[in-house]
Each structure stands twice: as C-alpha cells, then as structure tokens.
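Chemist: Residue numbers (the working numbering), protein chains in the order written: chain V, 159 to 363; chain A, 159 to 363. Virtual Cβ for every residue (Gly too), placed ideally from N, Cα, C. Keep in mind that this is a model prediction, so the values were computed, not measured. Below are the structure tokens for one structure; questions will follow.
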C-alpha cells in the first residue's frame, strides 16, 4: 500500500530530496569499495553508512553488485573525463593515461578486477557491470571517436567500437591477466600503435 | 621414504610411463572442464576419471586450478598453433580467427572466462593460469612477431608484447566484458587496424 508515509525511508534526517540520498548512497558505497573491496558492499552496511534506509537501497538497486558498479562509475567519472581538444593523439593519450593511473595508482584496478572477476560466474552482476559501468564508458569513447571521424582524423572505415577494445581492452587485459606491466608507458605506446599501425612502412596488406 | 614401490600410484594398470599417466590426467581434466566447467575439476574426480592415483595428481599439480590451466593449454594447443607462412597479415588473421572460434564455437570461452574470473580473487590460481596458460601463449606470439621484425614486416620500434594485448587482449576484453560481439569479423578488423593503424592517411602525430 503506497501511503507516501513510509517512515522507514527517512530514519534519521527527515525527508530529503531523492537525488541527495542517492548521491550519499553512492558515495558511501564508493568509500566501502575503496577501503575493503566488493565484500564490504552489502545493503546493510551501505544503509548504515549513508543514513539511507535499507528499504530505499533495496528499492533503487537490484543487487549490491549493481550498486557497486554504479558507485565505481560515479567515483571514476571525473578522472575518466574525455577532453576533446581536437587533437586525436593528445586526447586519447591523455584519457588512457588517466585511466591507467586510476587502475594502478588510485586503487581502481582492484575494484574493477573484482567486479569483472565475480561477473564471470554471476550473470546478473555481469549485466549490472555492463549497464552501470562498461557500456556508458564505451559510449563516451565512441562519441569521441565519431567526432574524430567527422574531422577526418580516423580512416573512414574504422569501427570506433573496435578501437575501444584495442585501447582500454588491452589495458583490462594487463589488469586481469598480469603477464606484462600496466603503466603509463604502455598506455602511450598503445595509442601510438593503434593510431599509426604496427606494420612497417611499405609493408601493407 | 622413497622405495620406488608406491603401489597407490598404479591402482589398476600396473607401471606406466609417467608421460603417459600425465597425458591421461590432462585429458581427463580437459573432458571434465569442457563438460562441467571448473567446479568439476577436483583431484578426486580427475583421479577417478583418469585412473591415476590421487597421490600422483597431488604430487604433480599444486592445485586443481593449476591442473585446469595446464589442461586447457594442452586442449587448445593444436587449434592455437601459430603457423608461419611468412605473410604477416595472413598468419595473424588465421591464428586470431582460430582463437576466436575456439572461444565462441568450441566452448573455450566459458572455461577461460571462469579461470580468469576466479583468478581475480585467488592469487595462486592467477599465478597458475599465467604460468600454465597465458605466458606460454604470449611467448609463442612474441616469437612470431620477433621473426616478423627480423623480416622487416613490423616497424622496428614496435614492442611485440604490446601487440599481444592489442590483438588477443582485445578479444579477451569482449569475452570477459561482453558489451560488443566477439566473432571472426571482429578478429579480422582487429588485425587490419593493429597492423595498418586507425589514423587517417596524412593525419599523423
């Protein structure tokens, strides 16, 4: 029965705007994720930490994994902004270097590796990570590459989505299968290789 | 005490060459992996299925994960052979297409995704997957690219290890984060992009 008087939603602070509560839940989740990893993200602990009611958290997120994925998106959004200065090499190098630093120096790698790892045996988590984190990030990169295509900076037949796998995907590969170092030097060589091509001049298909 | 008379190692068939027993254990493991996934790979079930003793299996492999990773390497070795015809584009396209078919049409994807997924929260498994599967495969690709470098087919400043992440790593990305299709068409475009470069002719750094 919807009475509009569900006191369990506002246990301590009275009625607050939904957007504010939502932001606080995401921030509390991000803090738990960064400090203790995925296992800390339970609706109980998130509710306790954010001051939101468990009812609210249950109503807004289908699972702790979905909440964790969205919190990671929010947490990383500023660091991963895709600046468009109009210079393809500079913009991609700058974004990819920030991405690698977030993974390696700012603790993002452990969180995202845990999310993607657990998603391999949890279809709901896989869908949540995709919807809340990886697809929105892929979309931002594709938007940038579509502008670069319009500017004539990419070959007209290049699939922007494929570039996402060649650049960020290659970094995820080194994160998840740590056989070779993931660092800014790698990111920069990756951009150079991806845009310029690895084949020797004059050796073409 | 090593008496050379450890009957528990030969429960049913008498003394057999170690290499033969080893191959049978790997084959039994591969069969279990393909049919039921990682959870089926226990030393008990592998011993029962292969006819080797549990003592032998325990002696030769540090963990079921290490055994699974080696079994997957053996299982996939023929399909993933890196043929060197001397034509860089053809060889890489052919190997990468076989790799994608193994992952998508021959059931390899589920096994490797499960191994890499579980490795994110299990350092021993991560080391085993690296040692038994991903590093040996990376080495084979690097060997090929070093020959291509010697033939002058790759730019002299290209890092062969980085090409592994751009090609196979990009495929693993689509396997583990299924936001875009992993298929042979993708593999072929990936080879073209990686070798030829995505930047428009005349637009260079």
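Please work out which residues of its chain come closer than 7 Å, Cβ to Cβ, to residue 418/A, disregarding the five sequence neighbours upstream and downstream, and give them in chain order.
Modeler: Because chain A in this structure spans residues 159 to 363, residue 418/A falls outside the shown range and cannot be described.
Chemist: Of the choices 283/V, 232/V and 309/V, whose alpha-carbon is the least far from that of residue 222/V?
Modeler: Position 64 of the first chain, counting from 1, holds the residue named residue 222/V. The option with the nearest alpha carbon to residue 222/V is 283/V.
Chemist: Can you have a look at residue 216/A and say buried or exposed, based on whether 16 or more other CB atoms are within 10 angstroms of its CB?
Modeler: Here residue 216/A refers to the residue found at position 58 when the second chain is read from its first residue. Classification for residue 216/A: exposed.
Chemist: To the nearest angstrom, report how far apart residue 198/A and residue 236/A are at their CA atoms.
Modeler: The sequence position of residue 198/A within the second chain is 40, counting from 1. The sequence position of residue 236/A within the second chain is 78, counting from 1. Each residue's Cα considered, the two are about 24 Å apart.
Chemist: Contact between the stretch 296 to 313 of chain A and the stretch 242 to 261 of chain V: three or more CB pairs below 8 Å?
Modeler: Touching, no.
Chemist: Please report the straight-line C-alpha distance between residue 278/V and residue 317/V, rounded to a whole angstrom.
Modeler: Taking the first chain and counting its residues from 1, the one referred to as residue 278/V is at position 120. Taking the first chain and counting its residues from 1, the one referred to as residue 317/V is at position 159. Taking the straight line joining both Cα atoms gives about 27 Å.
Chemist: What does residue 272/A reach in chain V if we use C-beta pairs closer than 8 Å?
Modeler: Along the second chain, read from residue 1 onward, the residue named residue 272/A stands at position 114. Within chain V, the residues near residue 272/A are 278 and 279.
Chemist: For residue 243/V, is the classification buried or exposed, using 16 other Cβ atoms within 10 angstroms of its Cβ as the cut-off for buried?
Modeler: Counting from 1 along the first chain, the entry for residue 243/V is found at position 85. So residue 243/V counts as exposed.
Chemist: Residues of the stretch 333 to 354 of chain A with a CB closer than 8 Å to any CB of chain V: list them in chain order, please.
Modeler: Residues passing the 8 Å Cβ filter: 334, 335, 336, 337, 338, 344, 347, 348, 350, 351, 352, 353 and 354.
Chemist: What residue ranges within the stretch 236 to 286 of chain A form continuous alpha helix (DSSP H) runs of no fewer than 4 residues, ordered along the chain?
Modeler: Within the stretch 236 to 286 of chain A, the complete alpha helix (DSSP H) runs of at least 4 residues are 246 to 262 and 266 to 277.
Chemist: From the DSSP output, read off the bridge partner residues of residue 312/V.
Modeler: Taking the first residue of the first chain as position 1, residue 312/V is located at position 154. Looking at the DSSP assignment, residue 312/V forms a beta bridge with 357/A.
Chemist: Please state the DSSP three-state secondary structure of residue 187/V.
Modeler: Your numbering for residue 187/V matches position 29 in the first chain. Residue 187/V: helix per DSSP, three-state reduction.
Chemist: Counting only beta-carbon separations shorter than 9 Å, does residue 358/V have a partner in chain A?
Modeler: Residue numbering aside, residue 358/V sits at position 200 when the first chain is read from its first letter. Yes, residue 358/V lies at the interface with chain A (some Cβ there is under 9 Å from its Cβ).
Chemist: Quick one, are the C-beta atoms of residue 192/A and residue 269/A less than 9 Å apart?
Modeler: Residue 192/A sits at position 34 when you count from the first residue of the second chain. Residue 269/A sits at position 111 when you count from the first residue of the second chain. Yes.
Chemist: DSSP three-state call for residue 362/A: helix, strand or coil?
Modeler: Looking up residue 362/A in the second chain gives position 204. If DSSP states are grouped into helix, strand and coil, residue 362/A belongs with coil.
Chemist: Please list, in chain order, the chain V residues whose beta carbon lies closer than 8 Å to that of residue 311/A.
Modeler: Walking along the second chain from the start, residue 311/A turns up at place 153. The contacting residues are 357, 358 and 361.
Chemist: For the candidate residues 357/A, 205/A and 326/A, whose alpha-carbon lies nearest to that of residue 304/V?
Modeler: Within the first chain, residue 304/V is the residue found at index 146, counting from 1. Closest option to residue 304/V, Cα to Cα, is 357/A.
Chemist: Output the boundary residues of the alpha helix (DSSP H) element that contains residue 202/A.
Modeler: The sequence position of residue 202/A within the second chain is 44, counting from 1. Start and end: 201 to 208.
Chemist: Identify each residue in the stretch 250 to 264 of chain A for which the Cβ-Cβ distance to at least one residue of chain V is less than 7 Å, and report them in chain order.
Modeler: Answer in chain order: no residues at all.
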